[in-house]
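Engineer: Under full-length UniProt numbering, the sequence shown has 48 at position 48, and the numbering climbs by one with no breaks. This is the structure I want to talk about, given as structure tokens.
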Amino acid sequence: MSLFQNLDDWSFDVFALDEVAQGSPLKCIGYYLLNRHGLIRKFKIPPQILENFLTKIEEGYCHHKNPYHNNLHATDVAQTMHYILYKTGFMNWLTELEIFAAFIAAIIHDYDHTGTTNNFHVMAGSDTALLYNDRAVLENHHVSATFRILKEDELNIIHNLSKEDYREFRSLVIDMVLATDMSYHFQQLKNMKNLLSLSEPVVDKSKAVSLVLHCCDISHPSKKWNLHHRRGKKTDFKMFEKQDLVQCAEVFKKSNLTPQEVIANGIRFHLPMYGAPKKITGLNKF
1 MSLFQNLDDW
11 SFDVFALDEV
21 AQGSPLKCIG
31 YYLLNRHGLI
41 RKFKIPPQIL
51 ENFLTKIEEG
61 YCHHKNPYHN
71 NLHATDVAQT
81 MHYILYKTGF
91 MNWLTELEIF
101 AAFIAAIIHD
111 YDHTGTTNNF
121 HVMAGSDTAL
131 LYNDRAVLEN
141 HHVSATFRIL
151 KEDELNIIHN
161 LSKEDYREFR
171 SLVIDMVLAT
181 DMSYHFQQLK
191 NMKNLLSLSE
201 PVVDKSKAVS
211 LVLHCCDISH
221 PSKKWNLHHR
231 RGKKTDFKMF
241 EKQDLVQCAE
251 VFKKSNLTPQ
261 EVIANGIRFH
271 LPMYGAPKKI
281 TGLNKF
């Protein structure tokens with residue numbers, strides 16, 4: 001499909017896809033990726049069930065009219081996951097079930113995002129924060145809400161998994177989505193660097209693929225400027241709107257930093273994360 005002719009590029013244009021897909025880029029890319037990698041056939045997913053599931057997930061991303069963590073962001077993360085797994089040969093190290101879990105985790109990792117931060121939920125004492133005891137509030141919600149969807153027959157894309165495969169799939173998706181919580185950022189980076197410093201490192205695949213999803217989630221500053229700038233403008237508004245709801249850290253206070261400085265600091269903050277997957281994969285484009 002000409003629609004996906006540049007899918008293997010790091011700076012794939014999700015805005016162009018969104019326009020052609022008439023507002024349903026996540027459904028389009030999700031179906032395409034699972035089909036391209038033979039996962040629909042492998043796991044015997046009925047096409048209509050898959051379409052129903054992807055439509056439901058895309059609707060959830062649009063539910064709160066979130067300016068950043070929306071279906072475009074999920075589309076970008078799913079494409080970036082494909083790029084890393086495919087271009088680096090990382091997927092040759094994974095089983096088909098692990099690849100399936102990686103793509104689904106990328107697709108649903110911010111499902112039904114409220115547009116507020118974990119800290120906002122905790123400070124406000126929201127029902128979601130109370131449900132998850134203030135720990136990885138949104139991340140727990142994203143994955144829990146997804147598995148509740150999967151209990152509905154007309155949306156259950158994992159119906160044909162064996163009980164053993166289901167347990168592994170569920171465990172992987174949970175681990176990966178929870179690892180996108182930025183409060184775990186430095187610990188993830190430290191753990192992987194320590195592991196890779198060993199003379200004969202034995203890499204835990206779940207931790208490695210979780211790190212990859214985290215990298216995909218924060219990868220947008222490394223995309224072409226015209227794409228990042230277009231997304232970045234929405235990030236500026238999102239960050240500064242949230243400061244009117246709850247007092248943020250000093251680094252993000254309106255009185256100290258402009259939106260442009262916030263983006264620059266974000267790039268400096270995220271950059272070290274790409275050293276670990278570069279060592280795992282050997283890809284020099286990180």
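Using N, Cα and C, we set each Cβ at its ideal position, and we do this for glycine too.
Whole angstroms are fine: how far does the CA of A21 sit from the CA of A124?
Structural biologist: Position 124 of the sequence shown, counted from the start, is the residue given in the question as residue 124. Position 21 of the sequence shown, counted from the start, is the residue given in the question as residue 21. Rounded to the nearest angstrom, the two C-alpha atoms are 37 Å apart.
Engineer: Helix, strand or coil for H69 per DSSP?
Structural biologist: Stepping through the sequence shown from its first residue, residue 69 is reached at position 69. It is coil, neither helix nor strand.
Engineer: Given a cut-off of 8 Å, decide if L213 and A105 are closer than it, judged by their beta-carbon atoms.
Structural biologist: One-based indexing of the sequence shown puts residue 105 at position 105. One-based indexing of the sequence shown puts residue 213 at position 213. Their beta carbons are under 8 Å apart, which means A105 touches L213 by this criterion.
Engineer: I108: which of K56, Y86 and T117 sits nearest, CA to CA?
Structural biologist: As a first step, residue 108 is located in the sequence shown; it is residue number 108 there, counting from the start. Of the listed residues, the one whose Cα sits closest to I108 is K56.
Engineer: In three-state terms, what does DSSP make of A101?
Structural biologist: Your numbering for residue 101 matches position 101 in the sequence shown. Helix, per DSSP.
Engineer: Could you compute how far the alpha carbon of T117 sits from the alpha carbon of V137?
Structural biologist: In the sequence shown, residue 117 corresponds to position 117, counting from 1. In the sequence shown, residue 137 corresponds to position 137, counting from 1. Using only the alpha carbons, I get a separation of about 9 Å.
Engineer: Using the C-alpha atoms, what's the distance from V77 back to D9?
Structural biologist: Translated into the one-based positions of the sequence shown, residue 9 becomes position 9. Translated into the one-based positions of the sequence shown, residue 77 becomes position 77. Spanning the two alpha carbons is a distance of roughly 13 Å.
Engineer: Could you tell me if D153 is buried or exposed, where buried requires 16 or more neighbouring beta carbons within 10 angstroms of its beta carbon?
Structural biologist: The residue given as residue 153 occupies position 153 in the sequence shown. Exposed: under 16 other Cβ atoms inside 10 Å.
Engineer: Look at the alpha carbon of D134 and the alpha carbon of I218, and state the distance between them as a whole number of angstroms.
Structural biologist: As a first step, residue 134 must be located in the sequence shown, where it is residue number 134. As a first step, residue 218 must be located in the sequence shown, where it is residue number 218. Distance between the alpha carbons of D134 and I218 is about 23 Å.
Engineer: So does the region 12-32 actually touch the region 92-99, counting three or more Cβ pairs closer than 8 Å?
Structural biologist: Counting Cβ pairs under 8 Å, fewer than three are found: no touch.
Engineer: Over the uninterrupted alpha helix (DSSP H) stretch that includes F147, give me the two end residues.
Structural biologist: Taking the first residue of the sequence shown as position 1, residue 147 is located at position 147. From DSSP, the alpha helix (DSSP H) with F147 extends over V137 to I149.
Engineer: Hey, how far is the Cα of F12 from the Cα of K193?
Structural biologist: The residue labelled residue 12 in the question sits at position 12 within the sequence shown. The residue labelled residue 193 in the question sits at position 193 within the sequence shown. Near 29 Å, if we compare the C-alpha coordinates of K193 and F12.
Engineer: Do the CB positions of H142 and A129 come within less than 8 Å of each other?
Structural biologist: For the purposes of this step, residue 142 is identified with residue 142 of the sequence shown, where counting begins at 1. For the purposes of this step, residue 129 is identified with residue 129 of the sequence shown, where counting begins at 1. No, the pair does not count as a contact, with Cβ atoms beyond the cut-off.
Engineer: Please report the straight-line C-alpha distance between N191 and P46, rounded to a whole angstrom.
Structural biologist: Here residue 191 refers to the residue found at position 191 when the sequence shown is read from its first residue. Here residue 46 refers to the residue found at position 46 when the sequence shown is read from its first residue. Distance between the alpha carbons of N191 and P46: 40 Å.
Engineer: Taking 8 Å as the threshold (C-beta atoms), are L155 and Q188 in contact?
Structural biologist: As a position in the sequence shown, residue 188 is number 188, starting the count at 1. As a position in the sequence shown, residue 155 is number 155, starting the count at 1. Not closer than 8 Å, so no.
Engineer: Less than 7 Å between C-beta atoms, sequence neighbours within five positions excluded: which residues of the same chain meet that for E58?
Structural biologist: Counted from its first residue, the sequence shown places residue 58 at position 58. Excluding positions up to five away in sequence, the list reads S24, L26, K27 and N71.
Engineer: In chain order, what residues of the same chain lie with their CB nearer than 6 Å to the CB of N66, ignoring the 5 residues before and after it?
Structural biologist: Residue numbering aside, residue 66 sits at position 66 when the sequence shown is read from its first letter. H113 and G115.
Engineer: Using 10 angstroms around the beta-carbon of K223, count the other beta-carbons present and answer buried if the total reaches 16, otherwise exposed.
Structural biologist: Here residue 223 is taken as the residue at index 223 of the sequence shown, counted from 1. Per the 10 Å Cβ criterion, buried.
Engineer: By how many angstroms is the C-alpha of L131 removed from the C-alpha of I40?
Structural biologist: In the sequence shown, the residue the question calls residue 40 occupies position 40. In the sequence shown, the residue the question calls residue 131 occupies position 131. Rounded to the nearest angstrom, the two C-alpha atoms are 34 Å apart.
Engineer: State yes or no: is the C-beta of L146 within less than 8 Å of the C-beta of Y111?
Structural biologist: Numbered from its first residue, the sequence shown carries residue 146 at position 146. Numbered from its first residue, the sequence shown carries residue 111 at position 111. The residue you asked about is not Leu; residue 146 is Thr in the sequence shown. Closer than 8 Å, so yes.
Engineer: Output the distance between the C-alpha atoms of L178 and S144, rounded to the nearest integer angstrom.
Structural biologist: Residue numbering aside, residue 178 sits at position 178 when the sequence shown is read from its first letter. Residue numbering aside, residue 144 sits at position 144 when the sequence shown is read from its first letter. About 11 Å.
Engineer: So N160 and F43 are in contact, right, with Cβ under 8 Å, and what is the actual spacing, rounded?
Structural biologist: Taking the sequence shown and counting its residues from 1, the one referred to as residue 160 is at position 160. Taking the sequence shown and counting its residues from 1, the one referred to as residue 43 is at position 43. Yes, they are in contact, since the Cβ atoms of N160 and F43 sit about 6 Å apart, within 8 Å.
Engineer: Check whether the Cβ of N133 lies closer than 8 Å to any Cβ atom in chain B.
Structural biologist: No chain B is present in this structure, which holds just one protein chain.
Engineer: Whole-angstrom Cβ separation of M182 and V209, contact assumed at under 8 Å?
Structural biologist: Reading the sequence shown from its first residue, position 182 is the one you call residue 182. Reading the sequence shown from its first residue, position 209 is the one you call residue 209. Not confirmed; about 18 Å, so no contact.
Engineer: Rounded C-beta distance between T97 and F169? I'm assuming under 8 Å.
Structural biologist: What you label residue 97 is simply residue 97 of the sequence shown in a count that begins at 1. What you label residue 169 is simply residue 169 of the sequence shown in a count that begins at 1. Inspection of the sequence shows that residue 97 is occupied by Leu rather than by Thr. 6 Å between Cβ atoms; contact.
Engineer: According to the neighbour-count rule (16 or more other Cβ atoms, all chains shown, within 10 Å of its Cβ), is N140 buried or exposed?
Structural biologist: Mapped onto the sequence shown, residue 140 falls at position 140. Classification of N140: buried, given that the 10 Å Cβ count is 16 or more.
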